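Colleague:
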Amino acid sequence: MIPEDYKDIAPYADEEFAERMELLLQAPGFANAIKYVLPEAEFNQLADSLRQIRDKDTFQSKVMVPILMRLEATTTDGVSDSGIKDVDMSRPRLFISNHRDIVLDASFLGLVMIRNGYPAQEVALGDNLLIYDWIEHLVRLNKGVIVKRNLRLTKALEAAKQLSGYIHYCINQKHESVWIAQREGRAKDSNDLTQESVLKMLALDGKSENIAARLLELNITPVAISYEYDPTDYLKASEFLARRRDPDFKKSPNDDLKSMETGLLSYKGHVHYTICPEINEALTPLTESTDKVEIIHTVCRLIDRSIHLGYYIYPINYYAYDRVEGNSRFADKYTAEDAHKFEEYFNKQLNLVRLPDVTAEEREFMLHEMLMMYANPLRNRLVAEEAK
42 MIPEDYKDIA
52 PYADEEFAER
62 MELLLQAPGF
72 ANAIKYVLPE
82 AEFNQLADSL
92 RQIRDKDTFQ
102 SKVMVPILMR
112 LEATTTDGVS
122 DSGIKDVDMS
132 RPRLFISNHR
142 DIVLDASFLG
152 LVMIRNGYPA
162 QEVALGDNLL
172 IYDWIEHLVR
182 LNKGVIVKRN
192 LRLTKALEAA
202 KQLSGYIHYC
212 INQKHESVWI
222 AQREGRAKDS
232 NDLTQESVLK
242 MLALDGKSEN
252 IAARLLELNI
262 TPVAISYEYD
272 PTDYLKASEF
282 LARRRDPDFK
292 KSPNDDLKSM
302 ETGLLSYKGH
312 VHYTICPEIN
322 EALTPLTEST
332 DKVEIIHTVC
342 RLIDRSIHLG
352 YYIYPINYYA
362 YDRVEGNSRF
372 ADKYTAEDAH
382 KFEEYFNKQL
392 NLVRLPDVTA
402 EEREFMLHEM
412 LMMYANPLRN
422 RLVAEEAK
């Protein structure tokens, strides 16, 4: 059983799976969501099948894997992976990745794990996405760990300690791997950098007084996620323009839902996961240091460098880099036909922007922001390679 201290954020225990599943099935919003995502499914028949499931792993293998494979088949040109065979997967670990898609980053990682013969990892997700009770039930039935956000300072510290404690408990006592994004929210410009606050949270718990030793307990394993096309690129560009027009602009819950829906159901091209080596070897010398600030800073850079070196670079990344830089450094990586296709793609995406009265100059601004989204993975990889 899950310790009482973690019960409100941990995935549901298998002992309560059937009860929580029934709550999910009784929620009208869930039935509507199923009709939207699986229009040909007969809900009552599906519900009867779900009632037969008694644990999270069976739920994932019988229900979530087929759904993810369907999304892979209909919205991508394949989800591939590399590096996992070079990692000792007999030891549970904390996967830290860049953040591309609100839902699919961790879901497709779980699919990669299962395809390679391992159970899917638990997943840390912000409670800002749990706008309906049924979404929380679904997330926690599916190995979701709740990250409490937007709390006052005292409550925020309590929540950070609770989350840190649960992640350490999960890896070192439950012996299950966990995924967490390297930052709160996605990097809108794809300039993926680990937030120090994430590492500080992870170091709040642990057996040692030394921060590096506490992090060492988690077997931190960076993961680089590379999407050929980001279906939410135009939404991010639109948000950049909205914030340029009004610095106080704030996204609404409906904006988050739109991003979730678009990311789930729209075309992404090829998707690749690089499971990088764990950072324990590089982290071990830091256990001799007492400089907490420098330790956190160094670990962030270790994770960033691993992710940047792990990117899979697509022709559109090379093209966007050359467009932003105003040169043809990587012209051998794409054809004239590719360049034409990419220009058509960017124009098509910009035509989806729904802000009123967009001027030609504002459209050019959004195009530049979109080009940066695709150029930055290559830019960061080049820097990481130079620092080798």
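Position in the sequence shown (from 1) plus 41 gives the number in our numbering.
Every residue gets a Cβ at the ideal spot worked out from N, C-alpha and C, and that includes glycine.
In this text, all values refer to a predicted model and were calculated from it rather than measured experimentally.
(1) Hey, out of D96, P418, S330, whose CA is closest to Y362's CA?
(2) Do D89 and I316 have their beta-carbon atoms positioned less than 8 Å apart in this structure?
(3) Quick test of the definition: if touching needs 3 or more C-beta pairs under 8 Å, does the stretch 117-131 touch the stretch 304-318?
(4) Quick one: what's G167 bridged to in DSSP?
(5) Quick one: what's I316 bridged to in DSSP?
(6) Is DSSP giving I43 helix, strand or coil here?
(7) Going by beta-carbon coordinates alone, are P326 and I137 separated by less than 8 Å?
(8) In the DSSP assignment, what are the bridge partners of V219?
(9) Leaving out five residues before and five after E217 in sequence, what residues of the same chain have Cβ atoms less than 6 Å from its Cβ?
(10) Can you tell me where the alpha helix (DSSP H) holding N271 begins and where it ends?
(11) Hey, how far is the Cα of G247 from the Cα of D379?
(12) Run the CB neighbour count on E410, radius 10 Å, all protein chains shown included, and call it buried at 16 or more, exposed below.
(13) How should M110 be labelled, buried or exposed, when 16 other C-beta atoms within 10 angstroms of its C-beta is the threshold for buried?
(14) How far does the alpha helix (DSSP H) with S123 in it reach, from first residue to last?
(15) Over what stretch of residues does the alpha helix (DSSP H) that includes I75 continue unbroken?
(16) With a CB to CB cut of under 7 Å and the five nearest residues on each side skipped, what residues in its chain are close to A201?
(17) Can you give me the Cβ contacts of S369 inside the same chain, cut-off strictly under 8 Å, excluding the 5 residues immediately before and after it?
(18) As a quick exercise: from I143, E258, S307, pick the residue whose alpha carbon is nearest that of L393.
(19) With respect to the alpha helix (DSSP H) encompassing H381, which residues constitute its N-terminal and C-terminal limits?
(20) What's the call for F149, buried or exposed, on a 16-neighbour Cβ count within 10 Å?
(21) Please classify Q101: is it buried, with 16 or more other beta-carbons within 10 angstroms of its beta-carbon, or exposed?
(22) Following the continuous alpha helix (DSSP H) through C211, name the residue where it begins and the one where it ends.
(23) Answer yes if the stretch 344-358 comes into contact with the stretch 271-282, meaning at least three C-beta pairs across the two stretches below 8 Å, and no otherwise.
(24) The alpha helix (DSSP H) that contains I434, what's its start and end?
(25) In this structure, how does DSSP classify Q203 when only helix, strand and coil are distinguished?
(26) Three or more beta-carbon pairs under 8 Å between the stretch 169-178 and the stretch 297-304, yes or no?
(27) Relative to the alpha-carbon of R224, which residue among L282, G367, L240 has its alpha-carbon at the smallest distance?
(28) To the nearest whole angstrom, what separates the beta carbons of K291 and E280, a pair I think is in contact under 8 Å?
(29) Measure from the alpha carbon of S205 to the alpha carbon of each residue in P160, A283, M407, I221, then state which is nearest.
(30) Who are the Cβ neighbours of V186 in its own chain at under 8 Å, not counting the five residues just before and after it?
(31) What is the DSSP secondary structure of L234, counted as helix, strand or coil?
(32) Helix or strand or just coil, what does DSSP make of V144?
(33) How long is the line joining the alpha carbons of V365 and H313, rounded to whole angstroms?
(34) Thinking C-beta only, is D233 closer than 8 Å to N421?
Modeller: Put simply:
(1) To locate residue 362, count along the sequence shown from 1; it is residue 321. Closest option to Y362, Cα to Cα, is P418.
(2) As a working note, residue 316 is residue 275 in the sequence shown. As a working note, residue 89 is residue 48 in the sequence shown. It is not a contact, given that the beta carbons lie outside the stated cut-off.
(3) Segment contact: the stretch 117-131 against the stretch 304-318, three or more CB-CB distances shorter than 8 Å; contact assigned.
(4) Counting from 1 along the sequence shown, the entry for residue 167 is found at position 126. DSSP lists V188 as partners of G167.
(5) Mapped onto the sequence shown, residue 316 falls at position 275. BP columns for I316 point to V264.
(6) Residue numbering aside, residue 43 sits at position 2 when the sequence shown is read from its first letter. The answer is coil: DSSP assigns I43 none of H, G, I, E or B.
(7) Reading the sequence shown from its first residue, position 285 is the one you call residue 326. Reading the sequence shown from its first residue, position 96 is the one you call residue 137. Their beta carbons are not under 8 Å apart, which means P326 does not touch I137 by this criterion.
(8) Reading the sequence shown from its first residue, position 178 is the one you call residue 219. Residue pairing for V219: DSSP places it in a beta bridge opposite L135, E163.
(9) Within the sequence shown, numbered from 1, the residue matching residue 217 stands at position 176. Same-chain partners within the cutoff: P133, E163, C211.
(10) In the sequence shown, residue 271 corresponds to position 230, counting from 1. Per the sequence shown, the amino acid found at residue 271 is Asp instead of Asn. It is not in any alpha helix (DSSP H) - D271 carries neither H nor E in the DSSP assignment.
(11) As a working mapping, residue 247 is identified with position 206 in the sequence shown. As a working mapping, residue 379 is identified with position 338 in the sequence shown. In this structure, the CA atom of G247 is about 50 Å from the CA atom of D379.
(12) Along the sequence shown, one-based indexing puts residue 410 at 369. Under this definition E410 is a buried residue.
(13) Here residue 110 refers to the residue found at position 69 when the sequence shown is read from its first residue. So M110 ends up on the exposed side.
(14) Indexing the sequence shown from 1 puts residue 123 at position 82. For S123, no alpha helix (DSSP H) segment is defined; the enclosing uninterrupted segment is the beta strand (DSSP E) at 120-123.
(15) In the sequence shown, the residue the question calls residue 75 occupies position 34. Start and end: 69-78.
(16) Working through the sequence shown from its first residue, we reach residue 201 at position 160. Closer than 7 Å at Cβ, skipping near neighbours: M242, L245.
(17) Position 328 of the sequence shown, counted from the first residue, corresponds to residue 369. D363, listed in sequence order.
(18) Here residue 393 refers to the residue found at position 352 of the sequence shown. Selected option, being the one with the closest Cα: S307.
(19) For the purposes of this step, residue 381 is taken as the residue at position 340 of the sequence shown. Where H381 is concerned, the enclosing alpha helix (DSSP H) stretches over 377-391.
(20) Indexing the sequence shown from 1 puts residue 149 at position 108. F149 comes out buried.
(21) Along the sequence shown, one-based indexing puts residue 101 at 60. The residue is buried, with at least 16 neighbouring Cβ atoms inside 10 Å.
(22) Counted from its first residue, the sequence shown places residue 211 at position 170. Counting along the chain, C211 sits inside no alpha helix (DSSP H), nor does DSSP assign it H or E at all.
(23) Verdict: no, contact absent.
(24) Lying before the first or after the last residue shown, residue 434 is absent from the chain, which here runs from 42 to 429.
(25) The residue you call residue 203 lines up with position 162 of the sequence shown. In the displayed model, Q203 falls within a helix according to three-state DSSP.
(26) In short, these stretches touch, since the Cβ pair count reaches three.
(27) Residue numbering aside, residue 224 sits at position 183 when the sequence shown is read from its first letter. When only C-alpha atoms are compared, the closest one is L240.
(28) Along the sequence shown, read from residue 1 onward, the residue named residue 291 stands at position 250. Along the sequence shown, read from residue 1 onward, the residue named residue 280 stands at position 239. Rounded, the Cβ-Cβ distance is 10 Å, inconsistent with contact.
(29) On the sequence shown, residue 205 is found 164 positions in, with the first residue counted as 1. Each of P160, A283, M407, I221 was checked against the Cα of S205, and the nearest Cα belongs to I221.
(30) Position 145 of the sequence shown holds residue 186. Correct list, in chain order: I50, A51, P52, E163, V164, A165, L166, L204, Y207, I208, C211, V219.
(31) In the sequence shown, the residue the question calls residue 234 occupies position 193. Looking at L234 - three-state DSSP - the assignment turns out to be coil, as it is neither helix nor strand.
(32) Against the sequence shown, residue 144 aligns to sequence position 103. Correct three-state label for V144: coil.
(33) Residue 365 sits at position 324 when you count from the first residue of the sequence shown. Residue 313 sits at position 272 when you count from the first residue of the sequence shown. About 24 Å.
(34) Sequence index remark: in the sequence shown, residue 421 carries index 380 (1-based). Sequence index remark: in the sequence shown, residue 233 carries index 192 (1-based). Yes. Within cutoff.
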